[in-house]
Amino acid sequence: MSLQHLASLIADRAGEGRAAVALSGGVDSGLAAAAAFMALGDRAVACTVSSELTPKRDRLRAAEAAERIGIEHHVLDMSALASSEVRRNLSDRCYHCKRLVFGAMRDAVGGESLLIDGTNAEDDPARPGLRAVREFGVYSVLADAGLGKSEIRSLAREAGLPNWDAPSESCLATRISEGVELAAGDLGRVADLETFLHSLGADTVRVRPDNLMATVEHLPQFGGIMMKNRDKIVAVAEAIGFGSCRFREWS
Numbered sequence: 090m091s092l093q094h095l096a097s098l099i100a101d102r103a104g105e106g107r108a109a110v111a112l113s114g115g116v117d118s119g120l121a122a123a124a125a126f127m128a129l130g131d132r133a134v135a136c137t138v139s140s141e142l143t144p145k146r147d148r149l150r151a152a153e154a155a156e157r158i159g160i161e162h163h164v165l166d167m168s169a170l171a172s173s174e175v176r177r178n179l180s181d182r183c184y185h186c187k188r189l190v191f192g193a194m195r196d197a198v199g200g201e202s203l204l205i206d207g208t209n210a211e212d213d214p215a216r217p218g219l220r221a222v223r224e225f226g227v228y229s230v231l232a233d234a235g236l237g238k239s240e241i242r243s244l245a246r247e248a249g250l251p252n253w254d255a256p257s258e259s260c261l262a263t264r265i266s267e268g269v270e271l272a273a274g275d276l277g278r279v280a281d282l283e284t285f286l287h288s289l290g291a292d293t294v295r296v297r298p299d300n301l302m303a304t305v306e307h308l309p310q311f312g313g314i315m316m317k318n319r320d321k322i323v324a325v326a327e328a329i330g331f332g333s334c335r336f337r338e339w340s
């Protein structure tokens, strides 16, 4: 498998038309964007949605990847919390959110453009967001090529993408327990504390709020960072509005 093969798949699907890639900032969508640009040149654009659910670090990674690729990049401001279905935070939240994302892309680039996303061959087919992928006719080129995460990282590294080894991320809403209504304040506190933890060198963390308590989940290799900076982390958590915080390893 090669980037050229992915580009050929996109070229066949797009024909003489244009394409827009949903560039989240992760390695999967970054590789899809690189393939689209190789296939279509200036007939391809990348779109990154900015909402209450997207961490600033993801938007920065998306911008850096787009610049390295050379693809035209559009940042689409959107309020995900304006949707009552998203705010309710039930099991189908991701479906409703993805519909907003693809709808915003359609509005930005026109209904004739081929939409492309970074779904890969290892993604759970039961993910609610994939229902929106099907409804909008989004082309998942990585899944079509049978690529899993390790192969994607290898190709992204060969292509010189700056985010080839970026840790897997998920939207901020995944930090909130299902059924607990999403609120901008809670999501903002999660983002702020995670940003601080990243600045300490712990680049894979999840902050999960439960009323006034923040639970910091981290990989075992970051245990030393948590222990060394425990007092600072608790102080920052309290300063941004959490009552306190506790720490939990996950593997």
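Residues 90 to 340 in the numbering used here are what the sequence shown spells out, letter by letter.
Every residue gets a Cβ at the ideal spot worked out from N, C-alpha and C, and that includes glycine.
Taking a cut-off of 8 Å on C-beta distances, the region 144–158 does not touch the region 174–188, as fewer than three cross pairs fall below it. The distance from the Cβ of Ala280 to that of Leu170 is about 14 Å, inconsistent with a contact at the 8 Å cut-off.
Counting along the chain, Ala273 sits inside the alpha helix (DSSP H) bounded by residues 273–288. A distance below 8 Å between beta-carbons, with the five flanking residues on each side excluded, links Ser168 to the following residues of its chain, in chain order: Ser140, Glu141. Beta-bridge partners of Glu306 (DSSP): Arg295, Arg337. Residue range 133–139 is occupied by the beta strand (DSSP E) that includes Val138, with no alpha helix (DSSP H) assigned at that position.
Annotation for Ser118: Val110, Ala111, Leu112, Asp206, Gly207 place their beta carbon closer than 7 Å to its own, counting only its chain and skipping 5 residues before and after. Nearest in C-alpha terms to Glu258, of all of Ser97, Gly249, Val294, is Val294. For Asp206, no alpha helix (DSSP H) segment is defined, and its DSSP state is neither H nor E. At the C-beta level, Val198 and Cys136 come within 8 Å of one another.
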